[in-house]
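Going by the numbering used here, the sequence shown opens with residue 8, and the numbers climb by one from there.
Don't be surprised by glycine CBs; every beta carbon is placed ideally from N, CA and C.
Step one of this worksheet: look at the structure below.
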Amino acid sequence: MTTRLIAAVLVSDPDNGRLLILRRSSHLDFAPGEWDVPSGKGEPREPITATAVRELKEETGVVVAEADLRLVHVVHGSWGAEVPGMFMALIFHTDRWSGTPHNAEPHKHDTIAWVPPDDLPQPFTHTTLVAVQRYLDGGPILSFDGWPEAG
8 MTTRLIAAVL VSDPDNGRLL ILRRSSHLDF APGEWDVPSG KGEPREPITA
58 TAVRELKEET GVVVAEADLR LVHVVHGSWG AEVPGMFMAL IFHTDRWSGT
108 PHNAEPHKHD TIAWVPPDDL PQPFTHTTLV AVQRYLDGGP ILSFDGWPEA
158 G
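Here is the structure:
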């Protein structure tokens, strides 16, 4: 069974705590029109922190050092787009970054926005929403998606 590795990054504005989010384009197969944080699939032989750095820059133009990423949540999912078996999403947080955030992949996202973490727009990608809420609430670092018998 294949497990897809995914990295997602919660980017905070160090001055006001707002989170950087993107709205997925309506033509995409997975979560069309839903809000999400910058994220993407790992490449072969790529450390997951390198995936996070790469995806963040590709999607938003934001540059972050691997050392400035802090693992804040892990999601073990039993399903997913382009996922033959299951997925593990590692969610990182940073408030140390550089660059001017912009929609660097307009073919994948409609817009980019800074939002208060306690007022996320809807619809928001479910798996990421759970991870963000647990992180903000200081809840468990691990969540499950699609496993009926798991926590």
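The shortest C-alpha to C-alpha distance from E66 to any of R141, E112, W154, H133 is the one to E112.
In the three-state scheme derived from DSSP, where H, G and I count as helix and E and B as strand, L63 is classed as helix.
Of the other Cβ atoms in all chains shown, 16 or more fall within 10 Å of the Cβ of L97; this residue is therefore buried. Around W42, the same chain offers I28, R30, P128, F131 as residues with beta carbons nearer than 6 Å, after the five sequence neighbours per side are excluded. Of the residues assessed, G84 falls on the buried side of the cut-off, its CB having 16 or more other CB atoms within 10 angstroms. Rounded to the nearest angstrom, the gap between the Cα atoms of S105 and P21 is 11 Å. For G68, the CB contacts under 7 Å within the same chain, skipping 5 residues up- and downstream, are G106, T107, P108, H109, A111 in chain order. In the structure shown, V137 adopts helical secondary structure according to DSSP, grouped into three states. Taken through DSSP and simplified to helix, strand or coil, L127 comes out as coil. Sequence-distant partners of V70 (beyond 5 residues in either direction) whose C-beta falls short of 7 Å from its own C-beta, in its chain, are K64, W104, S105, G106. A57 sits in a helix when the DSSP states are folded into three classes.
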